[in-house]
Structure formats: C-alpha cells, structure tokens
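Residue numbers (the numbering used here), protein chains in the order written: chain S, 1 to 163; chain X, 1001 to 1081.
Built from N, CA and C at the ideal position, the CB exists for glycine as well.
Notes follow the structure.
Here it is in structure tokens:
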C-alpha cells in the first residue's frame, strides 16, 4: 500500500514508506539527484528537565492542509523540490520519531534547504501540540502563534533554511 | 444559530472539554465567540493575544462572521515537530 504524502497518525513513522510514496508521486524519470530525510526524535531533556515521554495532539484536517501549504511554498521557492511529511500523535517515548520529512530534488542544495524550511514551517504553522511529561510534572509546550499569512515568519524560515 | 467549538491542548484542559456547542446571535464573529468563552472560562482570557482560530478547518481571522453549523477551532501557540 502506498502511503499518502501528508499524514497525521498514531502509528510509528516509517521513513522508507514515506520516501517510497514520494518517489512514486514524483514520477521521477531520473531527473532527481538527491533525497534528504529528516526525523525529529523525542529527546530525554528539555530546558533542564528530564523528559520521560511526550504526548502529541493535532487538529488533523487543518494540520494536513498546513503540510500541503508548506509543500506549495517549497514548490514556489525551490521548483525542483518535492516533499512528503508525516507527523505522529499520541504518546511517544524517548528516542521515537515524531516527524518524518522527505524531500527530493535535482540537486542536494535545494533538497537540504527545502527540508530545513519544512521543519521550520511546521513549527510555525502546523496545528500540533506536545505535552511534556518530565520528572516532577507535565506542561503543554507553547511555541509560535500560528499565522500562515505572517510573511515575516515565513521569511525567517527561508533565511534559516538558506543559512 | 448554533456552532461547534473545538479546543486543543491547554485550552481544552481549561474548558474541560475538546468540543462544545454554543448559541450565537446572527452576525457574531469568531472574536465574539471567543469573548463569550473567556467569560465562561476566565483562564482562557490570558490567551487573547496568542491564539489562532479556524473555521471548518481553515485558518480564519477573529473578525470573520460565523454561520450556523460552523466548526470554530481555537488554537493555542503550536509546538509540533
């Protein structure tokens, strides 16, 4: 079964399956010279706290639309790059992957930049939240106010991606 | 008219529910709905400047007028990845 390009789910992430879906969707006739994959992992420490596990939740239909929007932005900025993006929800243990991003493009520079851009944009505009359970308590992590039309935030993601 | 409210993460914890139904007068905006909820759940008021909102799973501004049957979501600052 071919996986969708953009998905939210509670099953462990399968980066090979995501890469295969992208390869099929891209219909590559040999023009791609690079595949970059990124896995975000649950870390055992955060701002001095010893993290036991995380719980993720998402507003799923809007999160998938946010991924599609990020893909469209990447298509505008790096025309040869195409992306697939899966995010996991539910309880995740230390060391497990919360997000898998795969980017293909003609050349490695665009693939690396677009991949970095994608994770920065996910953190800005995807309606997904993590609750951190640490030794001594738990807390909802609150990062950016999601506003897809905030051009300054988008430009900052592009700046980081191209640094 | 009646709308469905979806709340996420800490907003859900404050309200004690992920989904609510609320009656609004015709012409009410997302902002009006938010202020109604903030009166009901005073702890929400601290999120006034940092929330995002969506209607029927599309981002929408707080001045958007809602319609009968809409699903209105309030989103605290996000932390995916």
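Residue 1065(X) holds the alpha-carbon nearest to the alpha-carbon of residue 1026(X) among 1065(X), 1081(X), 1080(X), 1078(X). Comparing alpha-carbon positions, the option among 1079(X), 1081(X), 1080(X), 1072(X) lying closest to residue 1019(X) turns out to be 1072(X).
Here residue 1021(X) is exposed: its Cβ has fewer than 16 other Cβ atoms, across all protein chains shown, within 10 Å. By the C-beta criterion, the region 106-118 of chain S is judged to be in contact with the region 32-39 of chain S, since at least 3 inter-stretch pairs fall below 8 angstroms.
At a cut-off of 7 angstroms between beta carbons, residue 1042(X) makes no contact with chain S. Beta-bridge annotation (DSSP): residue 129(S) is paired with 57(S).
If you draw a straight line from the Cα of residue 153(S) to the Cα of residue 1076(X), it is about 17 angstroms long. Judged by DSSP in its simplified three-state form, residue 1026(X) adopts coil rather than helix or strand. Proximity of residue 1066(X) to chain S, defined by a Cβ-Cβ separation below 7 angstroms, is not satisfied. The distance from the Cβ of residue 132(S) to that of residue 160(S) is about 24 angstroms, inconsistent with a contact at the 8 angstroms cut-off. Chain order gives the chain S residues near residue 1075(X) as 59, 62, 127, 129, 145, 146, where near means a beta carbon separation below 9 angstroms.
For residue 1002(X), there are no C-beta contacts with chain S under 8 angstroms, since the nearest C-beta of that chain is about 20 angstroms from it.
One finds nothing in chain X with a Cβ atom closer than 8 angstroms to the Cβ of residue 74(S); even the nearest lies about 16 angstroms away. Taking a C-beta distance under 7 angstroms as the contact criterion, residue 8(S) and residue 58(S) qualify as a contact pair. By the Cβ-count criterion, residue 29(S) is exposed, with fewer than 16 other Cβ atoms from all chains shown falling within 10 Å of its own Cβ. Put simply, the CB of residue 1046(X) is far from chain S, with every gap to its CB atoms at 7 angstroms or more. Leaving aside the five residues that flank residue 96(S) on each side, the residues in its chain whose CB is nearer than 6 angstroms to its CB run, in chain order, 42. When rounded, the separation of the alpha-carbon atoms in residue 111(S) and residue 76(S) is 14 angstroms.
At a cut-off of 7 angstroms between C-beta atoms, residue 1010(X) counts as an interface residue with respect to chain S. Closest in alpha carbon position to residue 1050(X), among 1078(X), 1058(X), 1037(X), is 1078(X). With the rule of 3 Cβ pairs closer than 8 angstroms, the region 8-18 of chain S counts as touching the region 77-97 of chain S. Taking 3 residues as the minimum length, the beta strand (DSSP E) runs contained wholly in the region 53-127 of chain S are 82-88, 90-93, 97-105, in order along the chain.
The beta carbon of residue 122(S) falls within 7 angstroms of a beta carbon belonging to chain X, placing the residue at that interface.
Interface residue (Cβ-Cβ distance to chain X less than 7 angstroms): residue 17(S) is not classified as such.
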